[in-house]
Amino acid sequence: MADIISLGGLQVASRDELGKALEGGGCAASSCGSKAGPADMDPATWAKVKDHPCYSEEAHHYFARMHVSVAPACNIQCNYCNRKYDCANESRPGVVSERLTPEQAARKVLAVAAEVPQLSVLGIAGPGDAAYDWKKTKATFDLVQKQLPDIRLCLSSNGLAMPDHVDEIVAMNIDHVTLTINTLDPEVGAQIYPWIFFRGKRHHGIEAATILLDRQMQALDMLVARGVLVKVNSVLIPGINEAGMQELNRVVKQKGAFLHNIMPLISDPAHGTHFGLTGQRGPTAAELRAVQDLCGDGANLMKHCRQCRADAVGMLGEDRGQEFTLDKLPEVVEDDGEKRAAYRDWVAREREDRRAAAEAAQAEVAVVAAPPMLVAVCTKGGGRINQHFGHATEFQIYEVDAAGVRFITHRRADNYCVGGHGDGETLSEIIRTLDGVPVVLCARIGEAPRERMAAAGIEVIDTCAQDYIETAILDLYASRNRRDALTA
Ligand code: CLF
Ligand code: SF4
């Protein structure tokens with residue numbers, strides 16, 4: 049008898065059926081717009097990133113991560129952090145995650161792996177510092193590696209303790225490490241870090257920032273030299289560190305960082321952080337984009353970060369953490385990895401198909417001489433336009449021109465449709481959120497919201513349901529420009 053494979057709400061009888069079920073009933077055209085694909089790097093690096101939703105923009109359409117919050121101790125103070133909450137170097141501030149022992153965490157990872165075939169990475173990203181609270185980090189990773197050798201391990205740190213653990217990190221096959229580096233200038237650092245605790249002593253001001261920066265650079269050099277992929281996170285703090293961001297980007301690229309993730313400061317008095325209480329604001333979307341654009345020639349930028357929770361579970365942009373809280377975990381979990389293997393086979397085929405179609409669609413726009421266009425997309429994952437407008441809680445924003453299609457950012461909004469009814473106030477908010485974006489592609493939209501969006505100057509198109517995102521955008525851009533040329 050064929051094995052039944054269950055994926056979310058789907059139950060299918062074979063790997064081929066799993067593929068079909070995930071593809072949906074849509075058009076066969078496909079594309080891959082991610083510029084960082086196998087053609088852009090050596091095979092060993094591609095093998096490390098192809099299933100990692102944070103290190104590969106393309107992979108974030110297919111793969112899920114989960115975090116476990118096991119290492120709460122921290123050795124520095126950041127002015128954007130309140131220790132009651134998650135580590136704001138990687139996660140959304142003002143959120144409290146469920147703290148676990150290494151044994152509880154390993155049980156949770158097993159339970160999630162059995163239910164979520166997209167799971168490819170386990171990360172430890174606060175609260176606290178995974179390299180400083182090392183014993184708990186290591187114990188967790190050791191347990192998980194024994195049970196689930198196909199799950200990649202990933203950790204995030206402020207870097208101060210990191211040089212002490214590089215040998216173990218390499219020995220444990222942890223091949224993805226995030227270092228948060230906010231500045232190269234100790235005087236700027238002193239405005240971000242009031243103190244650090246290093247080698248049994250507390251340091252303040254410029255002295256503290258100098259030690260931290262030296263250790264961060266040492267950690268970056270050591271990890272890169274040992275073949276670990278390093279992502280550098282930088283929290284963009286207007287008026288404090290934005291002037292040095294381009295130089296920071298250049299230096300981390302020169303030192304071999306794989307990605308640079310420039311994240312907006314999220315500051316709110318309710319979070320009780322120094323910056324929140326003293327009125328330090330975060331950057332606007334335009335300010336963040338301007339800094340990212342300045343860094344275009346430096347380290348590859350990550351633009352799809354969702355600043356997720358320290359106990360997040362699922363695809364980036366979704367959080368299934370509440371389905372897997374400690375009280376809901378089964379005592380015994382059976383997992384043979386079959387569902388994950390089937391899913392990965394399907395993704396490999398799907399990616400090839402997308403790439404072939406992308407090349408064809410790209411050829412159509414290569415001759416277009418027109419300004420770039422922004423397009424918002426509603427998607428549930430799989431790289432397809434497969435979400436109802438009313439269900440979208442975020443819009444993925446792409447830019448297209450003759451050079452091709454590029455992911456720019458995501459913009460969050462409450463979903464318009466709740467309990468089968470549209471909410472006019474939410475629609476007004478969505479219109480504000482989509483400021484400057486003239487077109488939305490979605491799987492479906494009702495007539496009433498379509499008309500209101502059109503009145504606000506935003507066209508919503510639902511004739512490309514289930515198409516691959518990049519192909520649909522390229523086709524739209526090419527056909528618009530053909531039409532404009534005919535009517536000129
Ligand atoms: Fe987690 Fe971070 Fe690893 Fe990803 S998250 S430890 S690298 S597995 Fe990813 Fe989340 Fe952004 Fe982090 S979207 S907050 S970058
Ligand atoms: Fe908070 Fe993370 Fe900074 Fe520690 S490293 S103070 S947990 S933001």
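Going by my numbering, the sequence shown opens with residue 49, and the numbers climb by one from there. Every residue gets a Cβ at the ideal spot worked out from N, C-alpha and C, and that includes glycine.
Check your understanding: Applying the criterion that 16 or more other CB atoms from any shown protein chain within 10 Å of the CB defines a buried residue, is D64 buried or exposed?
Key -> Caution applies to D64, whose pLDDT of 40 falls short of 50 and renders its modelled position unreliable; the value that the coordinates give is listed next. Result: exposed.
Review point. Assuming H319 and H458 make a contact with CB atoms under 8 Å, what is their CB distance in whole Å?
Key: In fact, because the Cβ distance is near 22 Å, the residues do not count as touching under 8 Å.
Practice item. Could you tell me how far apart the beta carbons of I506 and L482 are, in whole angstroms, since I believe they sit closer than 8 Å? Key: Contact holds; Cβ gap of about 6 Å.
Check your understanding: What is the C-beta distance between L522 and V425, in whole angstroms, given that I count them as a contact (C-beta under 8 Å)?
Key -> With 8 Å as the limit, L522 and V425 do not qualify as a contact, their Cβ atoms being about 13 Å apart.
Exercise for review: Note down the Cα distance separating G190 from M220, rounded to an integer number of angstroms.
Suggested key: Position check: residue 190 holds Asp in this sequence, whereas Gly was assumed. Taking C-alpha positions only, D190 is separated from M220 by approximately 8 Å.
Check your understanding: Which residues in the same chain as D181 place their Cβ atom closer than 6 Å to its Cβ, once the five residues preceding and following it in sequence are excluded?
Key -> A119, A121, listed in sequence order.
Review point. Near the ligand SF4, which residues have their beta-carbon closer than 6 Å to a heavy atom?
Key: Any heavy atom of the ligand SF4 within less than 6 Å of a residue's beta carbon puts that residue on the list, which reads C122, I124, Q125, C126, C129, C135, A136, N137, G174, P175, G176, D177, N206.
Check your understanding: Which residues does DSSP pair with P312 in a beta bridge?
Key -> Looking at the DSSP assignment, P312 forms a beta bridge with L284.
Review point. Under the criterion of a Cβ to heavy atom distance below 8 Å, does N281 qualify as lining the ligand SAH?
Key: Within the structure as shown, the ligand SAH is missing, the only ligands being the ligand CLF and the ligand SF4.
**Study point:** For F323, the three-state DSSP class (helix, strand or coil)
**Key:** The DSSP-derived three-state label of F323 is helix.
Practice item. Give the DSSP-derived three-state secondary structure of R354 in the structure shown. Key: In the three-state DSSP reduction, R354 falls in the coil class, being neither helix nor strand.
Exercise for review: Going by CA-CA distance only, name the one from I124, D316, E371, V283 that's closest to T258.
Suggested key: The candidate whose alpha carbon is nearest that of T258 is I124.
Practice item. Keeping to the same chain, check which residues put their C-beta closer than 7 Å to that of A414; ignore five residues upstream and five downstream. Key: If the five residues before and after A414 are omitted, its C-beta is found closer than 7 Å to the C-beta atoms of A450, all from its own chain and listed in chain order.
**Study point:** Close-in-space but distant-in-sequence residues of the same chain around P317 (CB under 6 Å, 5 per side omitted)
**Key:** Cβ neighbours of P317 beyond the five flanking positions: G324, L325.
Practice item. Keeping to the same chain, check which residues put their C-beta closer than 8 Å to that of A358; ignore five residues upstream and five downstream. Key: Listed in chain order, the non-local C-beta contacts of A358 below 8 Å within the same chain comprise H115, S117, D134, C135, E138, S139, V143, S145, A173, G174, P175, local neighbours out to five positions each way being set aside.
Exercise for review: From the DSSP output, in three-state form, read off E447 for me.
Suggested key: Three-state DSSP puts E447 in a strand.
Check your understanding: To which residues of the same chain is A504 closer than 8 Å at the C-beta, ignoring the five residues directly before and after it?
Key -> Correct list, in chain order: I479.
Review point. How about N230: is its Cβ closer than 8 Å to a heavy atom in the ligand CLF?
Key: No.
Exercise for review: Whole angstroms is fine: what's the gap from A291's alpha carbon to S104's?
Suggested key: Answer to the nearest angstrom: the Cα atoms are 27 Å apart.
Check your understanding: Is T226 near the ligand CLF, going by C-beta to nearest heavy atom under 8 Å?
Key -> Distance from the C-beta of T226 to the nearest heavy atom of the ligand CLF is below 8 Å.
Check your understanding: In chain order, what residues of the same chain have a beta carbon less than 8 Å from the beta carbon of G57, not counting five sequence neighbours either side?
Key -> For G57, the predicted structure reports a pLDDT of 31, less than 50, and the residue's modelled location is therefore unreliable. A value from the coordinates is still provided. Counting only Cβ-Cβ distances below 8 Å, and skipping sequence neighbours, we find nothing.
Exercise for review: Could you have a look at Q125 and say whether DSSP puts it in helix, strand or coil?
Suggested key: Correct three-state label for Q125: strand.
Check your understanding: Can you find a heavy atom of the ligand CLF that lies under 8 Å from the Cβ of G171?
Key -> A heavy atom of the ligand CLF is found nearer than 8 Å to the CB of G171.
Practice item. State the start and end residues of the unbroken beta strand (DSSP E) segment that holds S168. Key: Its beta strand (DSSP E) spans residues 167-172.
**Study point:** For T457, the residue or residues it bridges with in DSSP
**Key:** Per the DSSP secondary-structure output, T457 pairs in a beta bridge with I445.
Point to revise | Three-state secondary structure (DSSP) of I502 | key: Note that residue 502 is Ala in the sequence shown, not Ile. Secondary structure at A502: helix, using DSSP grouped into helix, strand and coil.
Point to revise | alpha helix (DSSP H) segments (min. 4 residues) lying fully within the segment 220-285 | key: Listed in chain order, they are 234-240, 253-273.
Exercise for review: Please confirm whether any heavy atom of the ligand CLF lies closer than 8 Å to the CB of H213.
Suggested key: No, the Cβ of H213 stays beyond 8 Å of every heavy atom of the ligand CLF.
Review point. If you draw a straight line from the C-alpha of A69 to the C-alpha of N127, how long is it?
Key: Note that A69 scores 36 on pLDDT, short of 50, meaning its location in the model is unreliable and no value can be drawn from it.
Review point. Whose C-alpha, out of V192, A154, N206, V169, is nearest the C-alpha of A178?
Key: Distances from the alpha-carbon of A178 to those of V192, A154, N206, V169 put N206 closest.
Check your understanding: Tell me the DSSP bridge mates of E507?
Key -> Partner(s): V487.
Check your understanding: Would you say the segment 207-216 touches the segment 243-262, given that touching needs at least three Cβ pairs under 8 Å?
Key -> The segment 207-216, when compared against the segment 243-262, does touch it at the 8 Å Cβ threshold.
Exercise for review: Spatial neighbours of L232 within its chain, please: CB distance less than 8 Å, with the 5 preceding and 5 following residues excluded, ordered by chain position.
Suggested key: For L232, same chain residues with a beta-carbon under 8 Å away, outside a window of 5 residues either side, are L261, G292, E295, L296, V299 in chain order.
Check your understanding: Are there three or more Cβ pairs, one per stretch, closer than 8 Å when the segment 145-156 is compared with the segment 361-380?
Key -> Pairwise C-beta distances place the segment 145-156 in contact with the segment 361-380, as three or more of them are shorter than 8 Å.
Point to revise | Proximity to D515 [Cα-Cα], best of D462, A406, E412, E495 | key: Of D462, A406, E412, E495, the residue nearest in Cα terms is A406.
Review point. Is there contact here, the segment 153-172 with the segment 227-243, by at least three beta-carbon pairs under 8 Å?
Key: Contact between the segment 153-172 and the segment 227-243 is absent: fewer than three C-beta pairs spanning the two stretches fall below 8 Å.
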